[in-house]
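Enquirer: The structure that follows is given in the form of structure tokens.
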Amino acid sequence: MLEKYKAYYATRARRYEDNPHYQNSYQAEKALSDRVQSLNSLDEMGGEIKNLSDNCAFALIKDEAILELNHLEKHQEVIRMNKSQQILDRLDSFDNIVDLMTFITEVSNENSVEVSLDEAHREYFFDQLDHILSYLRLTKVEVPDEYKPFIKRMIDSLIEEQIDGVKSFEETMHPWNENWKLNPDICFEYRHIRHSIYDVELVKELREVYRTLVNR
């Protein structure tokens, strides 16, 4: 049985050996494997082995947080980066893996709310672009005089929908942040505008129309 343990831990260490992204994990796994290889019996697998095993968990968390942070930096995901950065900032202050996992859960939950509040700007505003385009088309359409009142009612209805829609949407966000207000300007930060199916200049024009419609 001891030989099976030795083979298992040796395999774990080799898993990260040539991976430049997991060098903390490799060093921790190798230290654990080296210690296991030195055992003469299973009875020797005590507290030291557990501590070395915990070190592997700490190292893996660190490597994955670094990987995630580097990936998010490339896409300028400044809100999502908060979670990885907080983990890296605090990781070395923990000496208990259970406490660290509790902290990570708390940070992840907090960041999930931050991300939702941030992305709500994009999700709502981008969803309104087609409606704003419809409004512009209606303001420019040429129709016989008898249809003009109908067109005006449609325009007024679109404006009312925009005003009521913003108010209603903001209220849905207030349980998470009572001061949250829709801000289309945030949508032009790279993490958001890269998702737009429209040309950036067109979106800027539509933003100005939108501000006129909702009087902000």
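Whatever position you read off the sequence shown (first residue = 1), add 864 for our numbering. Backbone N, C-alpha and C define an ideal beta-carbon position, used for all residues, glycine too.
Could you tell me which of S980, I1023, N1079 and S1021 sits nearest to P1039, measuring between CA atoms?
Expert: S980
Enquirer: With a cut-off of 8 Å, do at least 3 Cβ pairs link the segment 911-928 to the segment 889-898?
Expert: yes
Enquirer: Sorted by chain position, which residues of the same chain lie with C-beta nearer than 8 Å to Q1155's C-beta, five sequence neighbours on each side aside?
Expert: Since the first residue shown for the chain is 865 and the last is 1080, residue 1155 is missing from the structure and cannot be characterised.
Enquirer: Out of L993, I1019, H995 and T966, which has the shortest C-alpha to C-alpha gap to V1005?
Expert: I1019
Enquirer: To the nearest angstrom, how far is it from the Cα of I1061 to the Cα of N1047?
Expert: 19 Å
Enquirer: Beta-carbon within less than 6 Å of N888's beta-carbon, same chain only, minus the 5 sequence neighbours each way: which residues are those?
Expert: A923, K926 and D927
Enquirer: Using the C-alpha atoms, what's the distance from Y886 back to L993?
Expert: 44 Å
Enquirer: Taking only three categories from DSSP, how would you classify E912?
Expert: In the three-state scheme derived from DSSP, where H, G and I count as helix and E and B as strand, E912 is classed as helix.
Enquirer: Measure from the alpha carbon of S948 to the alpha carbon of each residue in V971, F958, L964 and E978, then state which is nearest.
Expert: V971
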